[in-house]
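K.L.:
If you count the sequence shown from 1, position 126 lands on 126 in this note's numbering, and the numbers rise without skipping.
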Amino acid sequence: MNKTAPIANTFRSGPDERGHFGNHGGRFVAETLMPLILSLEQAYNAAKVDPAFHAELDGLHKTYSGRPSPLYFAERMTEHLGGAKIYFKREELNHTGSHKINNCLGQVLLARRMGKTRIIAETGAGQHGVAVATVCARFGLPCVIYMGETDVARQKPNVFRMKLLGAEVRPVTSGSRTLKDAMNEALRDWVSNVEDTFYIIGTAAGPHPYPAMVRDFQAIIGEEARAQILEAEGRLPDALVAAVGGGSNAIGLFYPFLDERDVAIYGVEAAGRGLGTDEHAASISGGRPGVLHGNRTYLLQDEDGQIKEAHSISAGLDYPGIGPEHSWLNDVGRVKYVPITDREALAAFQSVTRLEGIIPALESAHALAYVEKLAPTMGSDRIIIANFSGRGDKDVFAVADHLGVEM
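1. Rounded to the nearest angstrom, what separates Glu436 and Gly234 at their Cα positions?
2. Which residues bound the alpha helix (DSSP H) around Lys180?
3. Is the CB-CB distance between Gly129 and Met162 below 8 Å?
4. Buried or exposed, going by whether 16 or more other CB atoms sit within 10 Å of the CB of Glu75?
5. So Asn295 and Gly25 are in contact, right, with Cβ under 8 Å, and what is the actual spacing, rounded?
6. Return the CA-CA distance between Gly335 and Pro211, expressed in angstroms with no decimal places.
7. Quick check: the Cα distance between Arg382 and Val371, rounded to an integer number of angstroms?
8. Determine which residues share a DSSP beta bridge with Thr438 and list them.
9. Identify every run of the beta strand (DSSP E) within the stretch 210 to 288, keeping only runs that are complete inside it and at least 3 residues long; order them along the chain.
10. Do you know how far the Cα of Ala348 is from the Cα of Ala52?
11. Just verifying my parser: in three-state terms, what is the DSSP assignment at Lys394?
12. DSSP puts Ala43 in a beta bridge; with which residues?
13. Within 10 Å of its beta-carbon, does Val135 have 16 or more other beta-carbons around it, so buried, or fewer, so exposed?
14. List the endpoints of the continuous beta strand (DSSP E) containing Tyr411.
15. Could you round the C-beta distance between Pro324 and Ala281 to whole angstroms and report it? I think they count as a contact, below 8 Å.
16. Excluding five sequence neighbours on each side, which residues of the same chain lie with their C-beta closer than 6 Å to the C-beta of Asn249?
17. In whole angstroms, give me the CA-to-CA distance for Gly247 and Val338.
18. Need the endpoints of the alpha helix (DSSP H) that Pro324 sits in, please.
19. Taking Arg118 and Thr197 to be in contact with their CB atoms under 8 Å, please state how far apart those CB atoms are, rounded to whole angstroms.
20. Assuming contact is defined by CB atoms lying nearer than 8 Å, are Ala137 and Gly166 in contact in what I supplied?
21. Could you pull the start and end residues of the alpha helix (DSSP H) that Lys373 belongs to?
22. In terms of residue numbering, what span does the beta strand (DSSP E) encompassing Asn387 cover?
23. For the 8 Å Cβ check, are there 3 or more pairs between the stretch 225 to 232 and the stretch 352 to 359?
24. In three-state terms, what does DSSP make of Glu168?
25. For Gly287, is the classification buried or exposed, using 16 other Cβ atoms within 10 angstroms of its Cβ as the cut-off for buried?
26. If Leu362 and Ile313 are in contact, beta carbons under 8 Å, what's the gap, nearest whole angstrom?
27. Helix, strand or coil for Thr10? Go by DSSP, reduced to three states.
28. Taking 8 Å as the cut-off, decide whether the C-beta atoms of Leu105 and Leu164 are in contact.
29. Using CA coordinates, which residue listed in Glu356, Gly379, Val396 is at the minimum distance from Phe88?
30. Below 8 Å on the Cβ atoms is my contact criterion, and I expect Phe21 with Pro207 to pass it. Report the Cβ-Cβ distance as a whole number of Å.
31. Given a threshold of 16 other Cβ atoms within 10 Å of its Cβ, counted over all protein chains shown, does Glu17 qualify as buried or as exposed?
32. Count the other CB atoms, across all protein chains shown, that sit within 10 Å of the CB of Met407; report buried if there are 16 or more and exposed otherwise.
33. By alpha-carbon positions, which one of Asn193, Phe254, Asp216, Ser65 ends up nearest to Gly222?
34. Exposed or buried, Ala204, counting other C-beta atoms within 10 Å across all chains shown (16 or more means buried)?
35. Can you list, in chain order, the residues of its chain with a C-beta nearer than 7 Å to that of Ile385? Leave out the 5 residues immediately preceding and following it.
Here's what the structure looks like:
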């Protein structure tokens, strides 16, 4: 723990009534959006205590997205690395191929309760965009997905899937043409169409109540993992590992374990071409607090406070910020945030594919690369759970390019 920070009685009580996790979070939005943000908070608070809302969401999880997702013992990877037993929480087996559907189902039900008839979203790797397009098709709602032009080029399979599902994909050509710029455009759309439009944010960032709301919808990952490891091993794990960009899959796994002080927790940041370069996306390891996209959190900034471009081989981690709850968990020392480079993630992408017969998303490959470092340092009686947040079908073209393979 951080020796300068007070030790909390619980790490699960945030945010406060104004949406703050310690010094992070809040709601820094245009005046036009404030009434909508407040009405969203009110609608979410009402839904949280409504059994009918939970019954409909639980039913969709079971019959539409395929929950519970399995907890899989990665036997060959464990034998290969030596040391701790390694389990994967298999979120890539969800309908649409990632954890993103958990949150989208919850938010689209909220949109319906609020009478919104148009959906917008942003996406980086396309996993969130596909999940949004899917729930909009399921509920018959028109949707617009903003996606950086660079990401459109490197995630072609997901772009086509979104269009097949009936979504309009709008390429964003400003800035670095990646996730940050897509979120900027989505916010501009929202300001102009507040009356009928609901913005489904995919990560645990943005203005309050989004960080807490996304966390709550994703906490099903950790709740299931907790019950499944107790059934499989009769005890809790010794360590949790998950990749963090904005951090939705990570906070979903971590949250139900935050008060279990004997469970070590690791969030894996994208170190790109190295923390010593300007080409990474490690907001905590290489950034400092500032305000972006409606919340205060750790951000990549230059000396003048201007947001720096992020870089990662993974489109889903290519974001210059991180969710505010992660920033607070770093400050109080409950979660350790560690870097993994593009090269290390690419190596883990290949090794896990060959050892376990499962192709991970490049986002998940960052977490698995850290597991490859961590497991050999632990005894064979120890247990690690890694979140396998998405499948790598979408990444095979990009990986082939990096490996010099012509397809």
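For each residue, glycine too, the CB sits at the ideal point set by N, CA and C.
P.N.:
Reading it off the structure:
1. Residue 436 lies beyond the residue range present for the chain, which begins at 1 and ends at 407; the question has no answer from this structure.
2. Taking the sequence shown and counting its residues from 1, the one referred to as residue 180 is at position 180. Where Lys180 is concerned, the enclosing alpha helix (DSSP H) stretches over 179 to 192.
3. If you number the sequence shown from 1, residue 129 lands on position 129. If you number the sequence shown from 1, residue 162 lands on position 162. A contact, by the Cβ cut-off of 8 Å.
4. Taking the first residue of the sequence shown as position 1, residue 75 is located at position 75. Exposed is the call here.
5. Here residue 295 is taken as the residue at index 295 of the sequence shown, counted from 1. Here residue 25 is taken as the residue at index 25 of the sequence shown, counted from 1. About 5 Å separates the two Cβ atoms, so the contact holds.
6. Locating residue 335 in the sequence shown gives position 335, counting from the first residue. Locating residue 211 in the sequence shown gives position 211, counting from the first residue. One detail in the question is off: residue 335 reads as Val in this sequence, not Gly. In a straight line, the C-alpha of Val335 is about 17 Å away from that of Pro211.
7. As a working mapping, residue 382 is identified with position 382 in the sequence shown. As a working mapping, residue 371 is identified with position 371 in the sequence shown. Those two C-alpha atoms are separated by around 13 Å.
8. The structure shown does not extend to residue 438, since the chain spans only 1 to 407, so no value can be given for it.
9. Counting only unbroken stretches of 3 or more residues, the beta strand (DSSP E) elements lying wholly within the stretch 210 to 288 are 239 to 244, 264 to 272, in sequence order.
10. Taking the sequence shown and counting its residues from 1, the one referred to as residue 52 is at position 52. Taking the sequence shown and counting its residues from 1, the one referred to as residue 348 is at position 348. Cα to Cα, the separation comes out at about 43 Å.
11. Against the sequence shown, residue 394 aligns to sequence position 394. Note: Lys394 maps to helix in three-state DSSP.
12. By 1-based counting over the sequence shown, the position of residue 43 is 43. Looking at the DSSP output, Ala43 sits in no beta bridge, so it has no partner there.
13. Along the sequence shown, read from residue 1 onward, the residue named residue 135 stands at position 135. By the C-beta density criterion, Val135 is buried, having at least 16 other C-beta atoms within 10 angstroms.
14. Only positions 1 to 407 of the chain appear in the structure, and residue 411 is not among them; the question remains open.
15. Position 324 of the sequence shown, counted from the first residue, corresponds to residue 324. Position 281 of the sequence shown, counted from the first residue, corresponds to residue 281. About 17 Å separates the beta carbons of Pro324 and Ala281, which is beyond the 8 Å limit, so they are not a contact pair.
16. As a working mapping, residue 249 is identified with position 249 in the sequence shown. Cβ neighbours of Asn249 beyond the five flanking positions: His99, Ala242, Asn387, Ser389.
17. On the sequence shown, residue 247 is found 247 positions in, with the first residue counted as 1. On the sequence shown, residue 338 is found 338 positions in, with the first residue counted as 1. Approximately 13 Å between the Cα atoms of the pair.
18. Here residue 324 refers to the residue found at position 324 when the sequence shown is read from its first residue. Counting along the chain, the alpha helix (DSSP H) containing Pro324 begins and ends at 324 to 331.
19. Working through the sequence shown from its first residue, we reach residue 118 at position 118. Working through the sequence shown from its first residue, we reach residue 197 at position 197. That belief holds up - the Cβ atoms of Arg118 and Thr197 are roughly 5 Å apart, short of 8 Å.
20. Along the sequence shown, read from residue 1 onward, the residue named residue 137 stands at position 137. Along the sequence shown, read from residue 1 onward, the residue named residue 166 stands at position 166. Yes, the Cβ-Cβ distance between Ala137 and Gly166 is below 8 Å.
21. Position 373 of the sequence shown holds residue 373. Per DSSP, Lys373 belongs to the alpha helix (DSSP H) from 362 to 374.
22. Numbered from 1 along the sequence shown, position 387 holds the residue referred to as residue 387. Where Asn387 is concerned, the enclosing beta strand (DSSP E) stretches over 383 to 388.
23. The stretch 225 to 232 makes no contact with the stretch 352 to 359; the number of CB pairs closer than 8 Å stays below 3.
24. The sequence position of residue 168 within the sequence shown is 168, counting from 1. Looking at Glu168 - three-state DSSP - the assignment turns out to be strand.
25. Taking the sequence shown and counting its residues from 1, one reaches residue 287 at position 287. Buried is the call here.
26. Residue numbering aside, residue 362 sits at position 362 when the sequence shown is read from its first letter. Residue numbering aside, residue 313 sits at position 313 when the sequence shown is read from its first letter. Rounded, the Cβ-Cβ distance is 6 Å, consistent with contact.
27. What you label residue 10 is simply residue 10 of the sequence shown in a count that begins at 1. Of the three classes helix, strand and coil, the one that applies to Thr10 here is coil, per DSSP.
28. Here residue 105 is taken as the residue at index 105 of the sequence shown, counted from 1. Here residue 164 is taken as the residue at index 164 of the sequence shown, counted from 1. No, they are not a contact pair.
29. For the purposes of this step, residue 88 is taken as residue 88 along the sequence shown, with counting starting at 1. Of Glu356, Gly379, Val396, the residue nearest in Cα terms is Glu356.
30. Counted from its first residue, the sequence shown places residue 21 at position 21. Counted from its first residue, the sequence shown places residue 207 at position 207. Not really, about 13 Å apart at Cβ, beyond 8 Å.
31. Locating residue 17 in the sequence shown gives position 17, where the first residue counts as 1. Answer is exposed; the Cβ neighbour count stays below 16.
32. Residue 407 sits at position 407 when you count from the first residue of the sequence shown. It is exposed - the Cβ of Met407 has fewer than 16 other Cβ atoms within 10 Å.
33. As a first step, residue 222 must be located in the sequence shown, where it is residue number 222. The candidate whose alpha carbon is nearest that of Gly222 is Phe254.
34. Residue numbering aside, residue 204 sits at position 204 when the sequence shown is read from its first letter. Buried, since its Cβ has 16 or more Cβ neighbours within 10 Å.
35. Walking along the sequence shown from the start, residue 385 turns up at place 385. Closer than 7 Å at Cβ, skipping near neighbours: Tyr87, Lys89, Ala225, Ile229, Pro237, Leu240.
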